[in-house]
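Residue numbers (this note's numbering): 1361 to 1547.
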């Protein structure tokens, strides 16, 4: 089996629930912005918690996939759901130079949400001592699929529960209960 390394890229994507939407959901005074930083942080924390629970990316992001060789079965499984597409493909030489390849030599597998993978064209050149660099887009929103309404509601409810019960709760809300229908299974 070929080792696959996935590295996160830097993409500043907005949260799937905006500050204005969250403020409206919490019924906060429109003239009082004193807790906006807290509310923004709670939305991000709720999203991150649900991402961990569902093993899905709830906002768009870019990732670099690094391989030393193509897998024998020409299939690259990725822990990035939903997988949106291949942005760039290149072969990096030992001197650091990168030879660009056609991104169309890779395509997203048949089920980008439940079984995200890249399928490698049989005519893709062998790396021959070079490192394979693949940049992919993944996540709901942006160029990917729309975030399902129940997951968006889960972010709202989880952030609201944390806001309403901050400091007086013995246990945080259970993101598992909210995310169970969307959880990806591990094999």
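We put the beta carbon where it would ideally sit given N, CA and C, even for glycine.
Inter-residue spacing [alpha-carbon to alpha-carbon] between residue i and residue j
i	j	result
residue 1518	residue 1382	11 angstroms
residue 1457	residue 1450	10 angstroms
residue 1470	residue 1363	22 angstroms
residue 1463	residue 1377	32 angstroms
residue 1416	residue 1403	16 angstroms
residue 1482	residue 1452	20 angstroms
residue 1424	residue 1524	39 angstroms
residue 1521	residue 1447	38 angstroms
residue 1392	residue 1375	21 angstroms
residue 1507	residue 1501	6 angstroms
residue 1526	residue 1516	15 angstroms
residue 1492	residue 1439	18 angstroms
residue 1386	residue 1365	41 angstroms
residue 1394	residue 1509	29 angstroms
residue 1455	residue 1412	37 angstroms
residue 1397	residue 1408	17 angstroms
7 angstroms Cβ shell around residue i - same chain, five flanking residues per side excluded
i	result
residue 1437	1477
residue 1400	1379
residue 1484	1430 and 1465
residue 1528	none
Supposed close pair residue i, residue j - CB separation, criterion 8 angstroms
i	j	result
residue 1367	residue 1426	7 angstroms
residue 1497	residue 1432	Not really, about 26 angstroms apart at Cβ, beyond 8 angstroms.
residue 1420	residue 1475	Not quite, the Cβ-Cβ distance comes to about 20 angstroms (not below 8 angstroms), so this is no contact.
residue 1444	residue 1503	6 angstroms
residue 1511	residue 1418	6 angstroms
Sequence-distant residues of the same chain with beta carbon closer than 6 angstroms to residue i, five excluded per side
i	result
residue 1505	1442
residue 1473	1441 and 1442
residue 1460	1450
residue 1547	Any answer about residue 1547 is weak, because its pLDDT of 47 lies below 50 and its placement is not dependable; what the coordinates show is given next. Cβ neighbours of residue 1547 beyond the five flanking positions: none.
Cβ-based neighbour list, residue i, same chain, cut-off 8 angstroms, excluding 5 preceding and 5 following
i	result
residue 1480	1430, 1431, 1434, 1435, 1436, 1465 and 1466
residue 1428	1362, 1363, 1487, 1491 and 1492
residue 1390	1383
Assigned exposure category for residue i - 16 Cβ within 10 Å defines buried
i	result
residue 1499	buried
residue 1468	buried
residue 1384	exposed
CB contact below 9 angstroms: residue i versus chain D
i	result
residue 1365	The structure shown contains no chain D, having only a single protein chain.
I'd like the ranges of any beta strand (DSSP E) spanning at least 3 consecutive residues and lying wholly in the region 1366 to 1431.
1421 to 1427
_My parser needs the alpha helix (DSSP H) runs of 4 or more residues fully inside the region 1483 to 1534; what are they?_
1509 to 1524
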